[in-house]
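Those protein sequence lines, which keep their order, are chains A and B.
At position 157 of the first sequence the residue is numbered 157 (this note's numbering), and the sequence of numbers has no breaks.
Numbers given in this note's numbering equal positions in the second sequence, counted from 1, plus 1000.
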Amino acid sequence: MTGLMQEISNRALELGVPLSVQLDLTYRCNERCVHCYLDHDDHGEMTTAEIKNLLDQLAEAGVLFLTLSGGEIMLRKDFFEILEHARALLFSIKLKTNAMLIREKEARRLRALGVHSIQISIYSHRPEVHDAITKVAGSLQRSVDAIRFLKSQGLNVSIANALMLRNISDYPGVKALGEELGVGVTMDPTITPKMDGDRSLLALGLNHSELVQVFRDESLIGNAEEFCAPPPKVSEDDLDSLPCSAGHTACYVSPYGDVYPCVQFPLPTGNVRTSKFLDIWRHSPQFEEVRSIKLRDMTSCSQCAHGGTCTRCPGLAYMEGNMRGPSSQDCEKSFARTGIPSANLLSRKASLAGLVQIQTLPTTARLVAATT
Amino acid sequence: MSGKCYIARSSQTAARLLGEEMVIISAGDPRVFSLNEVATVIWEAADGRTPLDEIIADRVCAEFEVTPQVALKDAEELVQELSSHGILLVSDQPIVRPASPPRETP
């Protein structure tokens, strides 16, 4: 984050302003990605009028950065009407999309409307891998075509590459594809459990050895020695630091109007169909609880060597059962990066060791004797 | 600058008042700009129809303790800076282009 952006975030925090909001317009999708955490049925999405009213409230609350995501945003027939309304309210708009429905005409409209950036999911440079993940034949070609249309309009496009076991060998190809298209590529090994708590998707994620491989690849992380260096000693400032922006200067609104601290932090705080957004943001007990949590309050993480440098996601911790607890995926990442196990991993190892202790039963001889 | 100067906000910008300062971002540009109170007044008055010297006289000098000469000089520097980043449009004629994003029939 640049110096000025950090100052702006600090100011938003002081003023209690939700600077960034992600609004999912729909959970419906025209792809069926194997790792997706959403239920794609429509359980009663907000209407156009409800969304416009919400956007008015978000602008009034001080939101500047608005991410429109889904599901696939362009499945909403009113997508451009919503976008026009949002731009008239002067939001800085980021779109997250698979871009399957973006052709030249849509790219021109996005340009005219002053969209700030567009992030497109690409899983592999090879159709047989990408299309197997999305379960839609021809999806890679359509998404790549869309990137070309968007780039031809001068739009700021980036590729998001979710790293899983089934596409881990393809990230150099995705990187090369990004270079060919003239767009940046971000890679993320995080797999999110389903919103209903089902954690089976996590089996798709990278194992320790693949994480180590990614974290040692200097084409991704820069200087490996620096990136993988042991963490510095946890300071008093670290212990008083906030976990992340979720609930502090950022939040998430679902297609049904539910407000959460983050898309990855499904703690219900209220619904904009029954309450004003600002009332939820300012007065929800759940938001107040999230805001009260500091590193020193966390039983495991406050004792961890990685406390000051960990990318711990409080939402993933919440989905693991305790928003003050560790997020095991981030523990695994810190371990893979530095070779130093987190406090959570060490305690799990200790308790597992207790579970499988084996010792010779002194009564074995007698039991055998008794059964013969 | 000599003669009349008209300024309009670009339709490619995003902006929000944070406290007393205006935070501005131009589409596709990773940079962020923060305007102080006086610059915010000028930004908000940049409707493409009101000449800059009128904005200075009616808005800036009316609200802040500054002489028109000093305020105009500072404003001209601000306008040059923001226009170089595509945030403000500048013309010696009124700018009739709408400040809000253009609408297109689906």
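C-beta: ideal position from N, C-alpha, C; glycine also.
Cβ neighbours of A:Arg32 within its own chain (closer than 8 Å, five residues either side excluded): His40, Thr134, Lys135 and Val136. At the C-beta level, B:Leu1035 and B:Ile1007 stay beyond 8 Å of one another. Taking CB atoms only, B:Leu1018 has a neighbour in chain A less than 8 Å away. Interface with chain B (8 Å Cβ-Cβ cutoff): A:Ala99 is excluded.
Within 7 Å of the CB of A:Met74, no CB atom of chain B is found; the nearest one sits about 12 Å away. Taking 8 Å as the upper bound on Cβ-Cβ separation, chain B lies near residues Arg109, Ala112, Leu113, Gly114, Val115, His116 and Ser117 of the segment 109-125 of chain A. The C-alpha of A:His43 lies about 21 Å from the C-alpha of A:Val34. Straight-line measurement puts the Cα of A:Asp217 at about 26 Å from the Cα of A:Ala132. Secondary structure at A:Thr269: coil, using DSSP grouped into helix, strand and coil. At a Cβ-Cβ threshold of 8 Å, A:Met74 and A:Pro255 do not count as neighbours.
For A:Asn207, the three-state secondary structure derived from DSSP is coil.
Within chain B, the residues placing a beta-carbon under 7 Å from that of A:Phe91 are Ala1014, ordered along the chain. Taking a Cβ-Cβ threshold of 8 Å, the residues of chain B close to A:Gly154 are Gly1028, in chain order.
For the segment 1052-1083 of chain B, the continuous alpha helix (DSSP H) assignments of 4+ residues that do not extend past its boundaries occur at 1052-1055, in sequence order. Between A:Leu13 and A:Thr269, the beta carbon gap of about 18 Å keeps them out of contact (Cβ cut-off 8 Å). Judged by their CB atoms, A:Gly70 and A:Leu140 are not nearer to each other than the 8 Å cut-off. In this structure, the beta-carbon distance from A:Ser158 to A:Gln119 falls below 8 Å.
In this structure, A:Gln57 lies away from A:Tyr252, with their beta-carbon atoms at least 8 Å apart. The continuous beta strand (DSSP E) containing B:Leu1035 extends over residues Val1032 to Leu1035. Annotation: the continuous alpha helix (DSSP H) that includes A:Val129 extends over Pro127 to Thr134. Of all residues in the segment 304-323 of chain A, none comes within less than 9 Å of chain B when Cβ atoms are compared.
The continuous alpha helix (DSSP H) containing A:Met319 extends over residues Pro314 to Glu320.
Annotation: Cβ neighbours of B:Ile1025 in chain A (cutoff 8 Å, chain order): Leu64, Ser92 and His116. Within the same chain, and ignoring the five residues on either side of B:Val1041 in sequence, the residues whose Cβ sits closer than 7 Å to its Cβ are Arg1059, Val1060 and Glu1063. Considering only A:Arg11, A:Arg76 and A:Met164, the residue with the shortest C-alpha distance to A:Val63 is A:Arg11.
For B:Val1090, the beta-bridge partners assigned by DSSP are B:Ile1007. Using a CB distance cut-off of 8 Å, B:Ser1091 does not count as an interface residue toward chain A. Residues of chain A whose Cβ lies closer than 9 Å to the Cβ of B:Ser1011 are, in chain order, Arg87, Ala112, Leu113 and Gly114. Counting along the chain, A:Gln153 sits inside no alpha helix (DSSP H), nor does DSSP assign it H or E at all.
The segment 189-205 of chain A and the segment 147-157 of chain A do not touch, with fewer than 3 CB-CB distances between them shorter than 8 Å.
When Cβ pairs closer than 8 Å are counted between the two stretches, the segment 123-130 of chain A is seen not to touch the segment 85-99 of chain A, the count staying below three.
Contact check for A:Phe65 against A:Ser20 passes: the beta carbons are separated by less than 8 Å.
Around the CB of B:Gln1080, fewer than 16 other CB atoms lie within 10 Å, so the residue is classed as exposed. Just so you know, the alpha carbons of A:Ile221 and B:Gln1093 end up roughly 51 Å apart.
The beta carbons of A:Gly114 and A:Lys151 sit no closer together than 8 Å. B:Asp1047 has B:Ala1008 as its beta-bridge partners, per DSSP.
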